[in-house]
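Visitor: Numbering (the numbering used here), first residue to last: 8 to 321. The beta-carbon is built from N, C-alpha and C at its ideal position, and this holds for glycine as well. Note that the structure is a prediction, hence the values are computed from the model and not measured. Handing you a structure now.
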Ligand code: UD2
C-alpha cells in the first residue's frame with residue numbers, strides 16, 4: 008500500500024468522521040477534513056498530526072467543495088444534517104444540506120477525477136421494514152424527509168455511475184454508538200443518552216415497555232467499514248450493522264453492570280417509533296469482507312470508560 012493515499016473526509020470532525028480519520032491517519036493516508044463545525048469539533052481530531060488538514064466550510068457551498076476536492080484520490084462524504092426530527096420540522100433546510108450538498112460532492116468528485124466516493128446513507132431509507140432482517144433488496148419506503156433525502160442521494164450516485172462511470176458505495180448505517188456522540192443533541196442515540204444519565208445518577212426514560220430492539224453497531228466497527236469501503240471496489244449500497252439486535256431492556260441490563268442499579272421511568276412509546284430493527288449483513292460480509300466484531304459488552308465498556316474519562320478531565 009502506498010503511503011500517499013489522499014482522502015477528503017467531509018464531516019470528518021464529527022462522531023463517525025473523527026473515528027474514521029484516526030484509522031486513515033494510522034494507515035498512513037493524507038487526510039483532509041471539510042467540516043462546518045456545526046456539530047463536529049476540533050477537539051475530536053488529532054490537530055497536530057502532520058497528515059491532517061482541516062478546512063472549515065459547508066458542503067452547500069460548491070466552491071468550497073471544489074477547493075477541498077483538489078488533489079484528492081478518495082472521498083468519504085459524511086457531512087449531513089443528521090436529525091430526523093429536524094428534517095420533519097425544516098424539510099427545505101434538510102434537503103439543502105443532504106441533497107444539494109451531496110450533489111456538490113458528486114459533481115466535484117467527477118470534475119476532479121477522484122477515484123472513488125463512499126457516502127453515508129442510513130437504515131432510515133427502509134422506513135418500517137416489512138420483514139427482518141432487512142436486506143438491501145427490500146424496497147425503500149422512507150417515513151421521514153431525512154430517509155427520503157438519503158434515498159435520493161443513492162439514486163444520484165447510481166445515475167452518476169451510469170452517466171460518468173463514477174465509482175461509489177453508499178453505506179446504510181444502522182444504530183451507531185460510541186465515544187464522541189453528543190448525548191445532549193436532539194438526535195442523540197439512546198445509548199449515549201442512557202450512559203450520560205446513568206453517570207450523573209439520573210433516572211433513564213424508556214419509551215414503551217423496553218421490548219423494542221435495534222441493531223447497535225460500535226463506531227470503531229463503522230470506521231473500519233468506511234476504510235474497507237474506500238479501498239475496495241464494490242459499488243451500490245450496503246448495510247453497515249452487526250446482524251444482531253438488542254432490546255432496550257437487555258441494553259439497560261448490560262449498562263447496570265457498570266452503573267450499579269439504575270432507576271427507570273417508563274413512558275408511552277414515541278410517535279413513529281419502529282418496534283424492531285435488524286440488518287441482513289450478508290452483503291457487508293461479501294463486499295467489505297468484514298463483520299462487526301465488537302460485542303455490546305465491550306463497546307459499552309469502551310463508551311462508559313471514555314465518558315468517565317471525559318467527566319474527570321479538568
Ligand atoms: C434512529 C435514528 C433516527 C432515525 C431512525 C430510523 C438516532 C439517534 N436515531 O432512531 O434518527 O434515523 O433510526 O429508523 O440515530 N428511547 C428511549 N429512551 C430514550 C431515547 C430513546 O426509550 O431516552 C427509545 C426510542 O423510543 C427507540 C429506541 O430507544 O425505541 C432507540 O431510539 P434511538 O433514537 O436511539 O434510535 P431509533 O432507531 O429509534
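Buried or exposed for residue 289, going by 16 or more other Cβ atoms inside 10 Å?
Guide: exposed
Visitor: Note the first and the last residue of the continuous beta strand (DSSP E) segment covering residue 273.
Guide: 271-274
Visitor: At what residue ranges does the stretch 77-153 contain a whole run of the beta strand (DSSP E), taking only runs of 3 or more?
Guide: Within the stretch 77-153, the complete beta strand (DSSP E) runs of at least 3 residues are 81-84, 123-129.
Visitor: Is the stretch 294-303 in contact with the stretch 230-245, if contact means three or more CB pairs nearer than 8 angstroms?
Guide: Enough Cβ pairs lie closer than 8 angstroms, so yes.
Visitor: Are there any heavy atoms of the ligand UD2 lying less than 7 angstroms away from the beta-carbon of residue 158, as far as the coordinates show?
Guide: no
Visitor: Compare the beta carbon distance of residue 15 and residue 41 with 8 angstroms and say whether it is the shorter of the two.
Guide: Yes. Within cutoff.
Visitor: Would you mind reading off the limits of the alpha helix (DSSP H) that contains residue 285?
Guide: Looking at the DSSP string, residue 285 is not in any alpha helix (DSSP H), and its letter there is neither H nor E.
Visitor: Exposed or buried, which one is residue 11 when buried takes at least 16 other CB atoms within 10 Å?
Guide: Exposed.
Visitor: Can you list the alpha helix (DSSP H) stretches of 4 or more residues lying completely in the stretch 228-270, in chain order?
Guide: 255-266
Visitor: Does the ligand UD2 have a heavy atom nearer than 7 angstroms to the CB of residue 280?
Guide: yes
Visitor: Are three or more beta carbon pairs between the stretch 58-78 and the stretch 211-228 nearer than 8 angstroms?
Guide: no
Visitor: Quick one: is residue 306 buried, meaning 16 or more other Cβ sit within 10 Å of its Cβ, or exposed?
Guide: buried
Visitor: Could you say which of 27, 134, 140 lies nearest to residue 147 if we only look at CA atoms?
Guide: 134
Visitor: Looking at the secondary structure, which residues open and close the beta strand (DSSP E) in which residue 212 lies?
Guide: 211-214
Visitor: Flag this pair as yes or no: are the beta carbons of residue 255 and residue 141 separated by less than 8 angstroms?
Guide: no
Visitor: Closest to residue 121 by CA distance: which of 71, 283, 70, 174 is it?
Guide: 174
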